[in-house]
Amino acid sequence: MKKKCVAMLLAGGQGSRLGVLTEKIAKPAVPYGGKYRIIDFPLSNCSNSGIDTVGILTQYKPLELNDYVGSGKPWDLDRIEGGVHILPPYQGQKGGDWYKGTANAIYQNLEFIERYDPELVLILSGDHIYKMDYSEMIKAHEESGAACTIAVFEVPIDEASRFGIMNTNPDGSVYEFEEKPKNPKSQLASMGIYVFSRDKLKKYLTEDDNNPDSSNDFGKNVIPLMLSRGEKLMTYRFGGYWKDVGTVDSLWDANLDLLNPNINFDLSDKSWRIYSRGKAMPPQYISDTAKVENSLITDGCSVAGKVDFSILFENVTVEEGASVEYSLVMPGSVIKSGAKVRYSIISENTVIGENATIGEDPTEVKPGEFGIAVVGGNLKIGKGARVTAAKTVSKDMEGGEVL
Amino acid sequence: MRTQAVAGIVFANSHDENLEPLTRVRSMASVPIGGRFRLIDFALSSFVNAGITNVGILVKSNYRSLMDHIENGVSWDLDRKIGGIRILPPFNEKGMRRYEGYIEALYGAIDFIKRCNSDNVVLYDGCVVGNFDLTSAIAFHNEKQADVTVLYKMIENYRNDIGAMTFSYNLEGRITDAAFPKVFKGRAATSFGVMIFKRDVLLPLLKNAYEMGLKHIEKDVIAENLSSLKVYAFEHKGFAAVMDSEDAYCKANMALLMREVREDLFTKERPVYTKIRDDMPTRYGLSSKIGNSFVADGCVIEGTVKNSILFRGVKISKGAVVENCILMQGVTVGENANVSYVVSDKNAKIGKGIRINGKENKYIFIEKDKIM
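Just so you know, the protein sequences line up as chains R and Z, in that order.
Letter by letter, the first sequence follows residues 20 to 422 of the working numbering.
Letter by letter, the second sequence follows residues -2 to 369 of the working numbering.
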C-alpha cells in the first residue's frame, strides 16, 4: 500500500556515554520521566503527526527494545497496512553486514522503504526528548521544494561547538554543515531529524555507499555530499523544548526539567500525548512517615521516606528514614531505611542498603569534582556503603565500602 | 480447536441498587475502586490468572461505561481468536421481558454456556473485590468431583439486607446446609457470589429453574438441592469485600490503606490488570503534604492529602485539605477548600474555599461532573 511518508527511526546506537545505563539496553530503551522510555517520544510524535509507518533500525542490545516496542499497540502503531517494523541487520544472498553508520542503516533498508512507495522519508533518532509535529516540517519541506529539510534548534553560541552546526543563507537554506566546529558561525544545531524526498535519498545513499572512504553517516557524509552537488537543503526551525539525552548529566537534566515550573514541557497536555507501554500496577502508596515535595512519583511506588526534587519510576520503594533528593530512581529499585541518595541516578532493580550514601551535594565537593553519581541496574549496595560525586558503580558493593 | 476447560461469566449489574449514587451512571461492574481500577478488573484478572480466557459479561442496563472500559479485552489479554471476551446483552425471546433475577439473566446466556463446551463454568458476581486463586479452587473442584464449588470467606457479625448465603460443611468440605440470614453474630462461612459449576449440571438446572420462574441461584437452586448435588466449599483466605452498601464501598476503598490488604490484592503472581491510560506520573508540588494515601498516576498535588484514595488525574490545589476521601478520576479541589469523608464521582469540581465534611459512618457522595 502506498504511503506518503515513511519514518525511519535510528535506534541501534549503543549510547556509550551513558555508561552503565546502556550496559544491557539500547539507548532508546533508557527510562525517562517516571514511566517513559526515550523511544516513546519519536514514536508518539509519529503517531500524533499522522505517520503510521515506522521502521525501527536496531543493532546494539535490541532485546529489551524489541519487547518494549512489540506490536506498536501503545502508540497506536499496530496497523494492518504499515505500523512499526523492527529492522535489524540481515544477511542477503551476497552476504550481509552490520549497520556501518546511520546512512548505511537506511541504505540497507531501502527495500523496506520502497514497499510503501513513499514520496518522503522522515529520518529520526532515538536520542532526544521533545514533542514535535512532523507534519508541519513535512509541509515546509514540500513548500520549499528542497531535496532535504533538516530540523534545527537554536543553541547558545558557547555550546554550539558540541553540535553539528548548519550555516544558512537568509532564506534558511544551508550552504555549509560543520560537525562540532571549534569556531561556530551559527547557533543552529541539527536535531538529527531529516525529511528527504525519496528519490534524492536513494540517489545519495547509493552514491555514499559506493565510496569506500565514507563513514556512512548522515551528518558527516551524506549532507556534505548533497551540498557539494548543489542540492537545495533547507532548515526547519524548531522552537519547542528539545533535549539531547546522550550523557549522564544531560539525562539527569532532562528529567529534572519536568519538575521545573519555568520550563514549558508538559507531558500531561492531552492535545499531544506521549504514549508508553504501561504495566498493570497498583497506585502509589505514600505513608504517614513520608515527606514528598516537588517530585514525580509513578504507579506501584511505595514511599515512607523523604523525596524531594526527584523522580521515582514505577515500583520504587523508599523506606522510612531514607531520603532521595535531586535524583532519579529507575523502576523496581529499593532505597533502604537511612540511606541517602543525592544528585544520583539509580538504575533499575537495584537495592541501596541501609544507611548507604550515594552522590554528593555540589556545595560539599571541590569545584570541578562535582558530577551525578550513577549506580547500575540489578546491583546490591551494602549497608553504610558510600559513593561520592560523579562516580559510577557497575558491580555490587560490600557494606561500608567507599567509592 | 482446543476447548477451554473453564469458561467464566460475570454478572455486571449485580446489586446495582445497593450502590445507587455510583450506579446511576454505570453498572456495578464498572464502579471505580482503589485508585485506578473498576470492579470488573478483579473478576477478569482472577479469570485470566487462572487461564480462563473465554469470558462472558452479562449486562442488563447502563453498561456503556463498562463497554468503554473493556474495549476488546486487550488490557486483560482477552482479545483472542479462541474464546476472548464477549458482552452478553439482554436477549429477549418473543414475549420475554427484560430479566429481573439472576436465573433469568443467566438463562439469557444459555447459548454462551452451551457453546463454550467447557467442563466447568465460573459464575462471578460483579460486585465483589478480591484477588481469587481460581486455579486452586478449580483444582479442588475437580479433585472433589464436585457439581458446584462455592468460594467463601469466614465473616463475623454480618448485617445486610441482601442476605448472603452462609453455610456449614462437613469434614470433606461438602456443604450440608445453607441459610440466608440478614443479620448474624459470630463467625460464619459466607458466600461472596463466586462459584464453579460443572457445565453439564448447570445446563439442566438452569433450564428447569427458569421454566419454574425461580429467581436466585444460591437460594433456589443450590440450597434446595444440597442432598442431590455435590456442593463443596472452598475458602478464600485473603481479602474479599462485597459492595452491598455505600458503607461497604467506602470501607473496601479505605482497606487499601492497610499494607496487608494491598499485599494480598496486588501480588506479582496474580497481577490485577486494568485499562491503561497515558497519564504522566503524579506530580507533587512545592507545598504538598501527603500521608497514608493511595494515589494513582496523573494527579497534581499541591495541597494536603491524608488517609485518602485518589484516582487518576485528581488535582488538589494549594491550601486545600483533603482527608478521608475517595476522589475519582479527574476530580479537582480548589484552593483552600476543605473536604473530608467525601466520595466524589468522576470530574466533579470542588471550588475555592468550599467546605464539605461528611462523617466516618456517613460519607457524602458527590455526583459525576458536578460543580460545587
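A virtual CB, placed ideally from N, CA and C, is assigned to each residue, including glycine.
field: Minimum C-alpha distance to R:Lys310 - residue among R:Ser329, R:Ile125, R:Gly319, R:Pro302
entry: Relative to R:Lys310, the option among R:Ser329, R:Ile125, R:Gly319, R:Pro302 whose CA is nearest is R:Ser329.
message: Which residues in chain R have a C-beta closer than 8 Å to the C-beta of Z:Ile287? List them in chain order.
response: Proximity of chain R to Z:Ile287 at the Cβ level (cut-off 8 Å) is accounted for by Ile305, Ala309, Val311, in chain order.
- prompt: How would you call R:Gln127, buried or exposed, if buried means at least 16 neighbouring beta carbons within 10 angstroms?
  reply: Buried: at least 16 other Cβ atoms inside 10 Å.
query: Between the stretch 198 to 215 of chain Z and the stretch 18 to 33 of chain Z, do three or more beta carbon pairs fall short of 8 Å?
result: The stretch 198 to 215 of chain Z vs the stretch 18 to 33 of chain Z: no contact.
query: Which partner residues does R:His147 have in the DSSP bridge list?
result: DSSP output for R:His147 lists R:Asp263 as bridge partner(s).
- prompt: In whole angstroms, what is the alpha-carbon distance linking R:Gln303 and R:Asp272?
  reply: Between R:Gln303 and R:Asp272, the C-alpha separation is close to 24 Å.
field: the stretch 345 to 361 of chain R / the stretch 370 to 378 of chain R touching (three or more Cβ pairs under 8 Å)
entry: In short, these stretches touch, since the Cβ pair count reaches three.
- request: For the beta strand (DSSP E) holding Z:Ala9, just list the boundary residues, first then last.
  value: Note, Z:Ala9: premise wrong, no beta strand (DSSP E); not H, not E.
query: Roughly how many whole angstroms lie between the Cα atoms of R:Thr168 and Z:Phe39?
result: Whole-angstrom Cα-Cα distance: 51 Å.
message: Does R:Gly324 pass the burial test, meaning 16 or more other C-beta atoms within 10 Å, or should it be called exposed?
response: By the neighbour-count rule (16 or more Cβ atoms within 10 Å), R:Gly324 is buried.
- prompt: Within 7 Å (strictly less), CB to CB, does Z:Val311 reach chain R?
  reply: By this cut-off, Z:Val311 is not an interface position.
- request: Kindly indicate the opening and closing residues of the beta strand (DSSP E) around Z:His233.
  value: Run containing Z:His233: none; DSSP gives neither H nor E here.
query: So which residues of chain R does Z:Ile107 contact, with C-beta pairs closer than 9 Å?
result: Those do not exist, as Z:Ile107 stays about 33 Å from chain R at its closest Cβ, beyond 9 Å.
field: Spatial neighbours of R:Met245 in its chain, beta-carbon cut-off 8 Å, leaving aside the 5 residues before and after
entry: Taken in chain order, the residues that qualify are Ala166, Cys167, Lys219, Tyr223, Leu252.
message: Does the CB of R:Ser366 have a neighbour CB from chain Z at under 7 Å?
response: No, no contact with chain Z.
query: Going by other Cβ atoms of all chains shown within 10 Å of its Cβ, with 16 needed for buried, is Z:Thr279 buried or exposed?
result: Within a 10 Å sphere around the beta-carbon of Z:Thr279 sit 16 or more other beta-carbons, which makes this residue buried.
field: Range of the contiguous beta strand (DSSP E) that encloses Z:Asp108
entry: Element bounds for Z:Asp108: not the beta strand (DSSP E) but the alpha helix (DSSP H), 107 to 113.
message: Below 8 Å on C-beta distance, what does Z:Tyr270 contact in chain R?
response: The contacting residues are Ala299.
message: Taking the straight line between their C-alpha atoms, what separation do you get for Z:Ile172 and R:Asp59?
response: So the two alpha carbons sit approximately 55 Å from each other.
- prompt: Of all Cβ atoms in chain R, is any one closer than 7 Å to the Cβ of Z:Arg33?
  reply: By the rule that beta-carbons nearer than 7 Å mark a contact, Z:Arg33 touches chain R.
query: Does the Cβ-Cβ distance between R:Met27 and R:Gly74 come in under 7 Å?
result: Yes, the pair counts as a contact, with Cβ atoms nearer than the cut-off.
Burial state of R:Lys385 (16 or more Cβ within 10 Å): Counting Cβ neighbours within 10 Å, R:Lys385 comes out exposed, since fewer than 16 surround it.
field: Chain-order list of residues whose beta-carbon lies under 6 Å from that of Z:Asn69 (same chain, five-residue window excluded)
entry: Counting only Cβ-Cβ distances below 6 Å, and skipping sequence neighbours, we find Asp76.
task: Would you mind listing the beta strand (DSSP E) stretches within the stretch 268 to 328 of chain Z that are 3+ residues and don't spill past its ends, in chain order?
output: For the stretch 268 to 328 of chain Z, whole beta strand (DSSP E) runs of length 3 or above, ordered along the chain, are 279 to 281, 286 to 288, 290 to 292, 301 to 303, 318 to 320.
field: First through last residue of the alpha helix (DSSP H) which encompasses R:Tyr153
entry: Unbroken alpha helix (DSSP H) run through R:Tyr153: 153 to 163.
query: What did DSSP end up calling R:Tyr109 once you bin it into helix, strand or coil?
result: In the structure shown, R:Tyr109 sits in coil (DSSP, three-state: anything other than H, G, I, E or B).
field: Buried versus exposed call for R:Gly69 [16 or more other C-beta atoms within 10 Å across all chains shown]
entry: Counting the other Cβ atoms within 10 Å of the Cβ of R:Gly69 gives fewer than 16, which makes it exposed.
Through-space distance from Z:Val126 to Z:Glu221, alpha-carbon basis: Cα to Cα, the separation comes out at about 27 Å.
Within-7 Å CB hit, Z:Ser290 to chain R: So, interface residue.
task: Check the DSSP bridge columns for R:His104 and list the partner residues they point to.
output: Its beta-bridge partners are R:Gly74.
field: the stretch 340 to 348 of chain R / the stretch 288 to 303 of chain R touching (three or more Cβ pairs under 8 Å)
entry: They do not touch, by the three-pair rule.
Check whether Z:Leu120 and Z:Ile6 have beta carbons under 7 Å apart: Here Z:Leu120 is near Z:Ile6, since their CB atoms are less than 7 Å apart.
- request: Residues of the stretch 252 to 270 of chain Z with a CB closer than 7 Å to any CB of chain R: list them in chain order, please.
  value: Residues Arg259, Phe263, Pro268, Val269, Tyr270.
message: Could you compute how far the alpha carbon of R:Ser35 sits from the alpha carbon of R:Thr308?
response: One C-alpha to the other measures close to 40 Å.
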